[in-house]
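For reference, the structure discussed in these notes is given below.
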Amino acid sequence: MKQLFSISPLLLALGASVSEADTAVDRAQAELAPFKQQLMGALKAGLAEGPDQAIDACRIEAPAIAAGLTTEQVQLGRTSHRLRNPDNAGPAWAQAELQAYLAQDGAWEPRVVDLPDGRTGYVEPIVTQPLCLTCHGSDLAPPVADALATHYPEDQATGFAAGDLRGVFWVSFDTEE
């Protein structure tokens, strides 16, 4: 009976940690959802008009979408280990989490990270889908390759295959809120 009482506080503490983590995941996913939905909508609309328009969606619309959803309390974006746009480098903590994903062999799960100054971070893997290969694959159509060379002469974001880790979505927010 004595052991049951000494284990109970530990179980309660673990329950609180799991509950807090669940709350952080729920909040992070809610903060990221509009970004992901608007970005996918812009990409699909761009692809419907042609790959050049999809490139413009990523080049022009994606940063505007992220900026429109970013506040003093919530910052978000996407980053990769093979950047197309150097402005998408992301914060150091997200880059560290991306490197940890790369050290794994698949089975990438979203992660919650405690950040300094009472903030919480969250990363979610971006797995390359067949649709992505139009602009991120190995065999690019000449107009796509030309557009990428024009807009991104230092492009590193090609050569992916379906199922590859393309990068991460990231969000950070005030934990207290």
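FYI, the numbering for the sequence shown is 89 to 265, going by my numbering.
Built from N, CA and C at the ideal position, the CB exists for glycine as well.
No experiment lies behind these values; they were computed from the predicted model shown.
Under a Cβ-count criterion, where at least 16 other Cβ atoms within 10 Å of its own Cβ denotes burial, should residue i be classed as buried or exposed?
i, result
"Q163", "buried"
"T238", "exposed"
"L102", "Low per-residue confidence applies at L102: pLDDT is 40, beneath 50, and the placement is therefore not dependable enough to give any value."
"S226", "exposed"
"E242", "exposed"
"A245", "buried"
"L190", "exposed"
"E185", "buried"
"G165", "buried"
So, helix, strand or coil for residue i, using DSSP?
i, result
"Q244", "coil"
"L92", "At L92, the pLDDT of 40 sits below 50, so the modelled position is not reliable and the matter cannot be decided from this model."
"Q161", "coil"
"S260", "strand"
"L203", "strand"
"M167", "According to the sequence provided, residue 167 is Thr. The question's Met does not apply to it. Note: T167 maps to strand in three-state DSSP."
"E212", "strand"
"R254", "strand"
"A249", "coil"
Just to check my reading of the structure: residue i and residue j have Cβ atoms closer than 8 Å, yes? What is that Cβ distance to the nearest angstrom?
i, j, result
"S168", "G251", "Not really, about 15 Å apart at Cβ, beyond 8 Å."
Secondary structure, alpha helix (DSSP H): runs of 4+ residues fully inside the stretch 109-194: DSSP runs (the alpha helix (DSSP H)) wholly in the stretch 109-194: 139-144, 150-157 and 180-191.
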